[in-house]
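Asker: Numbering (UniProt numbering), first residue to last: 1 to 347. Where a beta carbon is used, it is the ideal one built from N, C-alpha and C, also for glycine.
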């Protein structure tokens, strides 16, 4: 694990961690300059939500940053205001493993057991409930926008398949079946989907055609439990060996080879080593300069993407199971046990 010198300052129920840097003074004949010190990076606790009774597994923000939805093993999906006011409660039939707010803010989709449920995000009304298409647990959800502008939801599951759903009719339009092991995570960027599975395989494909864009990534034999796209296309996966695998642009591949499983992209990623146990959550800041990671080792790490080094390492009381940046990038939500923490970013 990276060793970082930091100085904790206790404030309320949270910790603000700032990295101290020495002010450098440059002395020259005339004039005399002071070299400005970059502002220290830190976080401070903004709120804690404590209404879940069992482990929280999923988080998603509304696009206007006014609400946050959380889902957990207590079968609940809760919709919150940022001051902790609970707006809505949805009781589902199984553990809630996945949530995704539509980019236009109108719909919230939840994955519980083998069921994909669509809700009106403003009223809480159930729009559709699909129970027949996944045959094992739904593990991940996202949204993509097609060439016509129509939004589609994407679900992935332990049944090794991903399904693209029409955002208006809520009916499946196509199924991606290229995985040979349970899919644990997915991420989307515009019309591109990346699904990551047990066995260490990440596949990059087009949501409209259902075809792979380039060869699959395979940088570890360990299960990939987290995957994230940055707004600029950088792709990160997190594996059970504690590593984060980072490609500068997950939509392109420089070198591919053919093998028994199809085309294989052999571009070597940068490997970030900071966790000692499985990485369970990854999230890029909206501008793509920061990557938050969390895992079973109870550590929250925030990485500088330009420098490929950690800016902050903070130990929590339990393992981290979900992370989500607010659309402005000013707040990071994390799930730790039954609690949802909101951290204000200072940089």
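1. Name the one or two DSSP bridge partners that residue 92 has.
2. Straight-line CA distance for residue 82 to residue 121?
3. Measuring alpha carbon to alpha carbon, tell me which of 167, 138 and 137 ends up nearest residue 148.
4. Nearest-angstrom Cα distance between residue 110 and residue 317?
5. Compute the distance between the beta-carbons of residue 184 and residue 225, then report whether it is under 9 Å.
6. From which residue to which residue does the beta strand (DSSP E) around residue 324 run?
7. Look at the alpha carbon of residue 146 and the alpha carbon of residue 303, and state the distance between them as a whole number of angstroms.
8. Once the 5 residues before and after residue 284 are set aside, which same chain residues still bring their CB inside 6 Å of it?
9. Spatial neighbours of residue 282 within its chain, please: CB distance less than 6 Å, with the 5 preceding and 5 following residues excluded, ordered by chain position.
10. Nearest CA to the CA of residue 50: which residue from 343, 344, 339 and 347?
11. Helix, strand or coil for residue 77 per DSSP?
12. Return the CA-CA distance between residue 314 and residue 299, expressed in angstroms with no decimal places.
13. Identify whether residue 308 lies in helix, strand or coil by the three-state DSSP scheme.
14. Classify residue 209: buried if its beta carbon has 16 or more other beta carbons within 10 angstroms, exposed otherwise.
15. Relative to the C-alpha of residue 274, which residue among 309, 254, 267 and 259 is closest?
16. Would you kindly work out how many angstroms separate the C-alpha atoms of residue 113 and residue 40, rounded to a whole number?
17. Is residue 87 buried or exposed, if buried means 16 or more other CB atoms sit within 10 Å of its CB?
18. Could you tell me the distance, in whole angstroms, from the CA atom of residue 178 to the CA atom of residue 161?
19. Using CA coordinates, which residue listed in 287, 182, 176 and 326 is at the minimum distance from residue 63?
20. What's the gap between the Cα of residue 196 and the Cα of residue 219?
21. Could you give the residue range of the beta strand (DSSP E) that holds residue 346?
22. Taking only the alpha-carbon atoms, compute the straight-line gap between residue 55 and residue 296 and give it to the nearest angstrom.
23. Please go through the same chain and pick out, in chain order, the residues whose beta-carbon is closer than 7 Å to the beta-carbon of residue 248, but skip the five residues on each side of it.
24. Looking at residue 343: is its Cβ nearer than 9 Å to the Cβ of residue 100?
25. Who are the near neighbours of residue 93 in its chain, counting only those whose CB is closer than 8 Å to its CB and skipping five residues on each side?
26. With residue 236 as the anchor, note down where its beta strand (DSSP E) starts and where it stops.
27. Among the residues of its own chain, which have a CB less than 6 Å from the CB of residue 134, if the five just before and after it don't count?
28. Please classify residue 189: is it buried, with 16 or more other beta-carbons within 10 angstroms of its beta-carbon, or exposed?
29. Would you decide whether residue 257 is buried or exposed? Buried here means 16 or more other CB atoms lie within 10 Å of its CB.
30. In the DSSP assignment, find the beta strand (DSSP E) that holds residue 223 and state where it starts and stops.
31. Between the beta-carbon of residue 79 and the beta-carbon of residue 91, is there less than 9 Å?
32. Tell me the rounded alpha-carbon separation between residue 170 and residue 323.
33. Could you check which residue in 286, 98 and 163 has the C-alpha nearest to that of residue 345?
34. Looking only at its own chain, which residues have a Cβ that is under 7 Å from the Cβ of residue 53, when we skip the five neighbours before and after it?
Answerer: According to the structure data:
1. Numbered from 1 along the chain shown, position 92 holds the residue referred to as residue 92. The partner list for residue 92 (beta bridge, DSSP) is empty, contrary to what the question assumes.
2. Taking the first residue of the chain shown as 1, we reach residue 82 at position 82. Taking the first residue of the chain shown as 1, we reach residue 121 at position 121. Taking the straight line from one Cα to the other gives about 16 Å.
3. As a first step, residue 148 is located in the chain shown; it is residue number 148 there, counting from the start. Looking at the Cα atoms, 167 is the closest of the given residues.
4. Looking up residue 110 in the chain shown gives position 110. Looking up residue 317 in the chain shown gives position 317. So the two alpha carbons sit approximately 27 Å from each other.
5. Position 184 of the chain shown, counted from the start, is the residue given in the question as residue 184. Position 225 of the chain shown, counted from the start, is the residue given in the question as residue 225. Yes, the pair counts as a contact, with Cβ atoms nearer than the cut-off.
6. Numbered from its first residue, the chain shown carries residue 324 at position 324. Looking at the DSSP string, the run of the beta strand (DSSP E) that includes residue 324 is 320-325.
7. By 1-based counting over the chain shown, the position of residue 146 is 146. By 1-based counting over the chain shown, the position of residue 303 is 303. Their backbone Cα atoms lie some 32 Å apart in a straight line.
8. The residue labelled residue 284 in the question sits at position 284 within the chain shown. So the list reads 228, 230 and 291, once near-sequence residues are dropped.
9. For the purposes of this step, residue 282 is identified with residue 282 of the chain shown, where counting begins at 1. Excluding sequence neighbours, residue 282 sits near 226, 228, 236, 238 and 293.
10. Counting from 1 along the chain shown, the entry for residue 50 is found at position 50. Considering only alpha carbons, the answer is 339.
11. Taking the first residue of the chain shown as 1, we reach residue 77 at position 77. In the structure shown, residue 77 sits in a strand (DSSP, three-state: E or B).
12. Along the chain shown, read from residue 1 onward, the residue named residue 314 stands at position 314. Along the chain shown, read from residue 1 onward, the residue named residue 299 stands at position 299. Computed Cα separation, rounded: 6 Å.
13. Against the chain shown, residue 308 aligns to sequence position 308. Here residue 308 sits in coil by DSSP.
14. Taking the chain shown and counting its residues from 1, the one referred to as residue 209 is at position 209. Flag for residue 209 reads exposed.
15. Start at 1 with the first residue of the chain shown, and residue 274 comes out as number 274. That would be 309, whose Cα lies nearest to the Cα of residue 274.
16. By 1-based counting over the chain shown, the position of residue 113 is 113. By 1-based counting over the chain shown, the position of residue 40 is 40. When rounded, the distance between both Cα atoms is 43 Å.
17. Here residue 87 refers to the residue found at position 87 when the chain shown is read from its first residue. Exposed: under 16 other Cβ atoms inside 10 Å.
18. The residue you call residue 178 lines up with position 178 of the chain shown. The residue you call residue 161 lines up with position 161 of the chain shown. Residue 178 and residue 161: Cα-Cα distance of roughly 7 Å.
19. By 1-based counting over the chain shown, the position of residue 63 is 63. Of the listed residues, the one whose Cα sits closest to residue 63 is 326.
20. Against the chain shown, residue 196 aligns to sequence position 196. Against the chain shown, residue 219 aligns to sequence position 219. Distance between the alpha carbons of residue 196 and residue 219 is about 12 Å.
21. As a first step, residue 346 is located in the chain shown; it is residue number 346 there, counting from the start. First-last of the beta strand (DSSP E) with residue 346: 339-346.
22. Taking the chain shown and counting its residues from 1, the one referred to as residue 55 is at position 55. Taking the chain shown and counting its residues from 1, the one referred to as residue 296 is at position 296. Approximately 13 Å, taken between the alpha carbons.
23. Taking the chain shown and counting its residues from 1, one reaches residue 248 at position 248. For residue 248, where only same-chain residues beyond five positions count, the Cβ hits under 7 Å are 234.
24. Numbered from its first residue, the chain shown carries residue 343 at position 343. Numbered from its first residue, the chain shown carries residue 100 at position 100. Against a cut-off of 9 Å, the Cβ pair of residue 100 and residue 343 comes out as no contact.
25. Residue 93 sits at position 93 when you count from the first residue of the chain shown. Only 75, 112, 113 and 115 meet the Cβ criterion.
26. Position 236 of the chain shown, counted from the first residue, corresponds to residue 236. First-last of the beta strand (DSSP E) with residue 236: 235-239.
27. Counting from one through the chain shown, the residue named residue 134 turns up at place 134. Same-chain partners within the cutoff: 114, 157 and 159.
28. Position 189 of the chain shown, counted from the start, is the residue given in the question as residue 189. Buried.
29. Position 257 of the chain shown, counted from the start, is the residue given in the question as residue 257. Exposed: under 16 other Cβ atoms inside 10 Å.
30. As a working note, residue 223 is residue 223 in the chain shown. Note, residue 223: premise wrong, no beta strand (DSSP E); not H, not E.
31. The residue labelled residue 79 in the question sits at position 79 within the chain shown. The residue labelled residue 91 in the question sits at position 91 within the chain shown. No, the Cβ-Cβ distance between residue 79 and residue 91 is not below 9 Å.
32. Taking the chain shown and counting its residues from 1, one reaches residue 170 at position 170. Taking the chain shown and counting its residues from 1, one reaches residue 323 at position 323. The alpha-carbon atoms of residue 170 and residue 323 are separated by roughly 27 Å.
33. In the chain shown, the residue the question calls residue 345 occupies position 345. Comparing Cα positions, the closest option is 286.
34. Translated into positions along the chain shown, residue 53 becomes position 53. If we look at residue 53 and ignore the five residues flanking it on each side, its Cβ neighbours are 74 and 338.
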